[in-house]
Amino acid sequence: MRKTLAVCAAAALLLSLTACMTGGEMPDQSASRTPFETSSPGAIAPSGTPMEVPMEAWDAIIADLAQRGVSADPEIVSAEAVTWNNGALGCPKPGMNYTQALVEGMHVVITAGGETYDYRFGSRNSPILCEA
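Numbering (mature numbering (1 follows the signal peptide of the UniProt record, and there is no 0)), first residue to last: -21 to -1, 1 to 111.
Below you can see the structure in the form of structure tokens.
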């Protein structure tokens, strides 16, 4: 028992002494290496095929605008069939998790009352307004 205690004490002493030793010169941290920069991506603009907006999708857009209090007549700026990279539909929200699979859908941009509205659709006819 004493031998084990002596070995443990010696190991602890050696460990504490090596922690106090000064090492060699520290490398110069001001090297010419460019610092790593990150940025958060904004809304991703898809590159899709122009298409006609299905009536169910158009009705859903009209209903969403009405719920937002928009009473002006909407006009289509663009409508495209797209394949989104994931369930965020090209418009990720911070802190959210999305399916990591390709999603067939649609991108519809409209104007109403001088405002532009960017709607995203996945596999259903329920629009998601991308407010980037």
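Backbone N, C-alpha and C define an ideal beta-carbon position, used for all residues, glycine too. Nothing here was measured: the structure is a model prediction, and the numbers come from that model.
- Within a 10 Å sphere around the beta-carbon of A(-12) sit fewer than 16 other beta-carbons, which makes this residue exposed.
- For A51, the secondary structure class from DSSP, reduced to helix, strand or coil, is coil.
- In this structure, DSSP gives T78 a state outside helix and strand, which the three-state scheme calls coil.
- Counted as a single uninterrupted DSSP element, the alpha helix (DSSP H) harbouring E35 occupies residues 34 to 46.
- Rounded to the nearest whole angstrom, the CA to CA distance from S57 to G74 is 29 Å.
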